[in-house]
Amino acid sequence: GENVEQHPSTLSVQEGDSAVIKCTYSDSASNYFPWYKQELGKGPQLIIDIRSNVGEKKDQRIAVTLNKTAKHFSLHITETQPEDSAVYFCAASKTSGTYKYIFGTGTRLKVLA
Amino acid sequence: GAVVSQHPSWVICKSGTSVKIECRSLDFQATTMFWYRQFPKQSLMLMATSNEGSKATYEQGVEKDKFLINHASLTLSTLTVTSAHPEDSSFYICSAQLGANNSPLHFGNGTRLTVT
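Structural data, given as structure tokens:
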């Protein structure tokens with residue numbers, strides 16, 4: 006079945022360093038890839054997304070890259086700050102067929118001050 | 002924009018009672034809302050897809066008679082956990098889709114249900 010693998014499950018970085026989280030999807034028909042940030046006790050918040058017709062998208066300190074051939078997409082956070090500490094989820098979706106989101110297993114990011 | 006409000010944020014109930022959770026899209030109309038369940042330190046598990054004016058579509062393994070979903074208007078969906086048991090204790094999160102299929106999902110802040 007459709008699957009999204011996410012790595013690493015936990016990630017600790019020093020404040021100011023970069024953090025990279027990677028996801029791999031199985032369904033080649035997937036064409037929409039959002040990233041969500043979930044803080045403790047709250048719902049996930051959409052932070053950035055990318056569609057399959059684009060290879061890279063950037064929003065200030067956050068960027069997402071997509072390699073359709075390899076079915077990989079990654080979240081890059083530069084100049085990390087303590088408030089970036091949270092759980093990050095990737096997801097994959099597609100326009101055709103069953104369009105529900107398939108979520109990754111999450112990455113717990115800890116930014117050390 | 003795209004604010005989803007979920008209430009209550011937490012609830013404690015006794016075994017055997019029912020609990021209703023509301024999910025509202027505040028600044029947009031959502032023909033489709035989704036209900037998720039999240040166990041500690043785990044990912045989001047889709048329970049059901051709620052469509053305005055029609056019956057919800059439940060995922061495999063989710064009891065529709067236990068988790069009643071009503072989507073009576075374009076801005077409100079409710080999840081009722083009936084005859085709750087301690088194993089129903091969990092974090093329940095709703096989301097609403099802004100636009101057509103494959104458009105962003107916006108999540109509520111979740112409801113922490115504890116059944117004693």
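From first to last, the protein sequence lines are chains Y and D. Residue 94 in the working numbering is what sits at position 89 of the first sequence, and the numbering runs on without skipping anything. Residue 17 in the working numbering is what sits at position 16 of the second sequence, and the numbering runs on without skipping anything. Note that beta-carbon positions come from the ideal geometry of N, C-alpha and C, so glycine has one too.
Contact set between residue i and chain Y, taken where Cβ atoms lie within less than 9 Å
i: D:N110; result: G46, K47 and G48
i: D:L106; result: P39, Y41, P49, L51, A96, S98 and Y106
Chain Y within 8 Å of residue i, Cβ atoms only
i: D:S44; result: yes
i: D:L77; result: no
i: D:T50; result: yes
Cβ shell of residue i (< 6 Å), same chain only, five flanking positions each side left out
i: D:H8; result: E23
i: Y:Y37; result: R56 and S98
i: Y:A118; result: E20 and P87
i: D:V12; result: V20 and L114
i: D:Y59; result: A49 and K65
i: Y:E10; result: T29
i: D:N71; result: T79
i: Y:T15; result: R113
i: Y:N8; result: S31
i: Y:F78; result: C28, F38 and L71
i: D:V4; result: L27 and D28
i: Y:L80; result: I26, W40 and V69
i: Y:I53; result: W40, D64, I67 and V69
i: D:L45; result: Y37 and Q39
Supposed close pair residue i, residue j - CB separation, criterion 8 Å
i: Y:V59; j: Y:W40; result: The pair is not a contact, with the Cβ atoms about 14 Å apart (cut-off 8 Å).
i: D:Q30; j: D:L75; result: 4 Å
i: D:S6; j: D:L27; result: 5 Å
i: D:L106; j: Y:Y106; result: 6 Å
Residue-chain proximity (residue i, chain D), Cβ-Cβ < 8 Å
i: Y:Y106; result: yes
i: Y:L80; result: no
i: Y:D54; result: yes
i: Y:G21; result: no
i: Y:T110; result: yes
Close beta carbons around residue i, own chain, < 7 Å, minus the five adjacent residues each side
i: D:H86; result: S16 and V116
i: Y:L51; result: P39 and Y41
i: Y:D89; result: I82, L114 and V116
i: D:M34; result: C24, S51, H72, S78, C95, S96 and A97
i: Y:T100; result: N36
Neighbouring residues, chain Y, relative to residue i (Cβ below 7 Å)
i: D:L47; result: K105
Chain D residues whose Cβ lies nearer than 8 Å to that of residue i
i: Y:D64; result: Neighbours of Y:D64 on chain D: none; closest Cβ ~14 Å, over 8 Å.
Partners in chain Y for residue i, counting only beta-carbon separations shorter than 8 Å
i: D:I94; result: G48 and P49
Other residues of its chain near residue i: CB distance less than 8 Å, five sequence neighbours each side excluded
i: D:T32; result: N52, E53, L75 and Q98
i: D:V63; result: M48 and A49
The ligand COA heavy atom lying under 7 Å from the CB of residue i
i: Y:E88; result: The ligand COA is not part of the structure shown, which contains no ligands of any sort.
If contact is defined by three or more beta carbon pairs under 8 Å, each pair taking one atom from either stretch, is the stretch 33-50 of chain D in contact with the stretch 81-93 of chain D? yes
For the structure I just gave you, are there three or more beta carbon pairs, one from the stretch 49-67 of chain D and one from the stretch 104-116 of chain D, closer than 8 Å? no
When you compare the stretch 76-94 of chain Y with the stretch 13-21 of chain Y, are there three or more beta-carbon pairs, one atom per stretch, that lie closer than 8 Å? A contact is defined here as three or more CB-CB pairs under 8 Å, and the stretch 76-94 of chain Y meets this definition with respect to the stretch 13-21 of chain Y.
Does the stretch 44-53 of chain Y touch the stretch 22-32 of chain Y, meaning 3 or more C-beta pairs lie closer than 8 Å? no
Tell me whether the stretch 58-68 of chain Y and the stretch 104-114 of chain Y touch, counting them as touching only if at least three CB pairs, one residue from each stretch, are closer than 8 Å. no
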